[in-house]
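Everything on this sheet refers to the single structure shown next.
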Amino acid sequence: MNYRHAFHAGNAADVLKHVVLTAIIQRLRAKQSPFCVLDAHAGIGRYDLSADEARRTGEAEEGIAPLLAAPLAHPALTAYRDLVAAMNPQGGLRWYPGSPRIARALLRPQDRLLLVELHPDDHRALKAEFAGDPQVAVHRMDAYDALKAHLPPKERRGLVLIDPPFEAPDEFARMVAGIALAHRRFPTGVYALWYPIKERPAVWRFQEALAGTGIPKILTVEMTLHPEDTHLRLNGSGLAIVNPPWTLDDTLRDALPALHAALPHSGGGVRIDWLVPEGPPA
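Just so it is clear: in the sequence shown, position 42 is 42 by the UniProt record's numbering, and no numbers are missing.
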């Protein structure tokens, strides 16, 4: 499948990913020491939902649009929704913040953001979006090469977001190899690996390979919007989170059912499981 960001900005998969991203960075902010966020598939930073790409799919109408109108009480959901609202100071919903804009909004003066984008046009747009910002560095390179080049960060604390467009048929295998290398270089970092849920056996194989790396403390967070046997092009999405911050699993168990309820769906639900337990094996 082709998951180029501009065509899917603000859809249900983006909403899940960005709620989790916001929650992780808020946890990193709890300590005074600086942290670095490395976004390995950064896209263009923010998206115009009135542009042709977004209008062609209309996926934001089943993602961020109903969420903005829904009554939400959980802080993890309202914090994310506030970030989207801040991108639209005139009201309404024209602009949707991608992960670079969400991360930048949550940085403190001592923190840093590294953005990596290989597509030449997207890279130019990303450079322009953050031109003159001393806390943001933008690089044009392959995401998996960036894991070698930029890890460990000088801060020795931070988050790596791996969010591929899934244009390559072997993307799951590349993610597993990439996280194995990255974890060797930066074992204390938090890693969030986004994946689409289309064919469940492909997800099972990915998770089995991920567990087989020997990396400890891997949490999986998934949200589907339809029954598993519907065989739709995209039923939902998930994140595999390495070294999740303390109590993140509890926060998401409390918050995500309300997120699922606020989105159009015909079934599905939320699953939060330890792929590799946080503690030592029994």
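Ideal Cβ placement from N, Cα and C applies to all residues, glycine included. Owing to the predicted nature of the structure, the values given are computational and were not obtained by experimental measurement.
*Pair every Cβ in the stretch 50 to 60 with every Cβ in the stretch 205 to 225, then say whether three or more of these pairs are closer than 8 Å.*
no
*Taking only the alpha-carbon atoms, compute the straight-line gap between VAL20 and LEU252 and give it to the nearest angstrom.*
Taking the first residue of the sequence shown as 1, we reach residue 20 at position 20. Taking the first residue of the sequence shown as 1, we reach residue 252 at position 252. Spanning the two alpha carbons is a distance of roughly 8 Å.
*By DSSP, does GLY268 sit in helix, in strand, or in coil?*
The sequence position of residue 268 within the sequence shown is 268, counting from 1. Of the three classes helix, strand and coil, the one that applies to GLY268 here is coil, per DSSP.
*So what does DSSP say about ASP250, is it helix, strand or coil?*
To locate residue 250, count along the sequence shown from 1; it is residue 250. Looking at ASP250 - three-state DSSP - the assignment turns out to be helix.
_For PRO120, report the span of its alpha helix (DSSP H) as first-last._
Your numbering for residue 120 matches position 120 in the sequence shown. Taken as a continuous stretch (DSSP letters only), the alpha helix (DSSP H) holding PRO120 covers 120 to 129.
_Using the Cβ count rule (16 or more neighbours within 10 Å means buried), how would you classify ALA255?_
On the sequence shown, residue 255 is found 255 positions in, with the first residue counted as 1. Buried, since its Cβ has 16 or more Cβ neighbours within 10 Å.
*Local Cβ density within 10 Å of PRO280, reported as buried at 16 or more and exposed below that*: Position 280 of the sequence shown, counted from the start, is the residue given in the question as residue 280. For PRO280, the predicted model reports a pLDDT of 48, less than 50, meaning its position is unreliable and no value from the coordinates is stated.
*Which residues bound the beta strand (DSSP E) around MET223?*
Start at 1 with the first residue of the sequence shown, and residue 223 comes out as number 223. Counting along the chain, the beta strand (DSSP E) containing MET223 begins and ends at 218 to 224.
*How about the stretch 128 to 141 and the stretch 104 to 111: do they share at least three Cβ pairs that are nearer than 8 Å?*
yes
*Proximity of ALA9 and ALA60 at Cβ, strictly below 8 Å*: Walking along the sequence shown from the start, residue 9 turns up at place 9. Walking along the sequence shown from the start, residue 60 turns up at place 60. Cβ atoms of ALA9 and ALA60: closer than 8 Å.
*Using a Cβ-Cβ cut-off of 7 Å (strictly less than) and excluding sequence neighbours within five positions of ARG94, which residues of its own chain qualify?*
Against the sequence shown, residue 94 aligns to sequence position 94. ASP48, LEU49, SER50, ASN88.
*Take PHE35 as the anchor and find which of LYS154, ALA149, ASN11 has the nearest alpha-carbon.*
Start at 1 with the first residue of the sequence shown, and residue 35 comes out as number 35. If we check each option's Cα against that of PHE35, LYS154 comes out closest.
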